[in-house]
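This report refers to the structure that appears directly beneath it.
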């Protein structure tokens with residue numbers, strides 16, 4: 006039996022004893038130095054990553070808190086929609102504006118229509134021109150108004166009877182507009198196709214009970230006319 010094995014068997018010099026560990030350190034000073042350096046670098050990387058993760062988490066929490074705190078502010082800036090009764094033909098100037106607009110639409114007068122609106126889509130103008138080929142007139146025009154989102158503005162519901170060529174019976178209809186006032190005091194029709202806030206306001210007003218009742222009444226009358234004369 007070798008002396009090394011004998012020593013291990015007898016227990017006089019077990020592996021891992023303090024003396025052997027010291028001898029191992031003395032023989033492997035360079036390797037030990039490399040191990041220490043690597044350990045320090047890894048420890049530094051771990052600390053750095055921990056710091057970055059903590060910083061990013063803090064930023065995310067701050068962003069979430071900022072987003073949550075901004076929600077009430079956005080809600081506060083929304084335009085309130087007053088629930089007031091519809092008024093029929095309450096403003097003569099609004100009625101005159103809509104009368105002029107429907108007269109121009111019946112004859113396909115695009116120049117006049119453009120003068121009454123702040124913007125007109127070309128596709129819409131083409132539809133008006135094409136429809137005017139079949140129309141004789143718009144009659145019995147009535148304007149039902151509710152307050153608009155700005156001072157001196159209205160949501161306007163216009164009811165009318167359309168008279169078509171070669172058809173004796175007139176057909177009722179209804180359209181919705183936003184009407185605003187210029188600096189000179191005259192009214193114009195505001196195009197809402199690119200104005201989301203105005204469009205949303207108009208939609209919310211149209212959901213009110215008396216407006217829904219108006220739409221239903223016009224729809225029933227239209228359905229009766231179509232049933233009587235296809």
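Numbering (our numbering), first residue to last: 6 to 235.
Glycine included, each C-beta is placed from N, C-alpha and C at the ideal position.
DSSP-derived helix/strand/coil call for residue i
i           : result
residue 86  : coil
residue 199 : coil
residue 129 : helix
residue 45  : Annotation note: pLDDT 38 at residue 45 (below 50); position unreliable, coordinate value reported separately. Three-state DSSP puts residue 45 in a helix.
residue 149 : strand
residue 122 : strand
residue 155 : coil
residue 229 : helix
residue 105 : helix
residue 205 : helix
residue 116 : helix
residue 136 : helix
residue 235 : coil
residue 222 : helix
Residues that DSSP places opposite residue i in a beta bridge
i           : result
residue 167 : 143, 176
residue 186 : 192
Residue i Cβ short of 8 Å to the ligand ZN heavy atom set
i           : result
residue 209 : Annotation note on the ligand ZN: not contained in the displayed structure, which lists no ligands.
Chain-order list of residues whose beta-carbon lies under 7 Å from that of residue i (same chain, five-residue window excluded)
i           : result
residue 124 : 196
residue 170 : 139, 141
residue 106 : 118, 121, 194
residue 94  : 100, 147, 148
6 Å CB neighbourhood of residue i in its chain, flanking five on each side removed
i           : result
residue 130 : 115
8 Å CB neighbourhood of residue i in its chain, flanking five on each side removed
i           : result
residue 219 : 91, 149, 162, 164, 179
Neighbour flag for residue i against chain C, beta carbons, 9 Å
i          : result
residue 98 : No chain C is part of this structure, which consists of one protein chain only.
Assess contact between the region 221 to 232 and the region 205 to 213, defined as three or more Cβ pairs (one per stretch) separated by less than 8 Å. Is contact present? Fewer than three pairs of CB atoms, one per stretch, sit closer than 8 Å, so the region 221 to 232 makes no contact with the region 205 to 213.
Taking contact to mean 3 or more Cβ pairs, one atom from each stretch, closer than 8 Å, check whether the region 145 to 162 and the region 183 to 200 are in contact. A contact exists between the region 145 to 162 and the region 183 to 200.
For the region 90 to 100 against the region 157 to 172, do three or more pairs of beta-carbon atoms, one drawn from each stretch, fall closer than 8 Å, so that the two count as touching? Cβ pair count under 8 Å is three or more, so yes.
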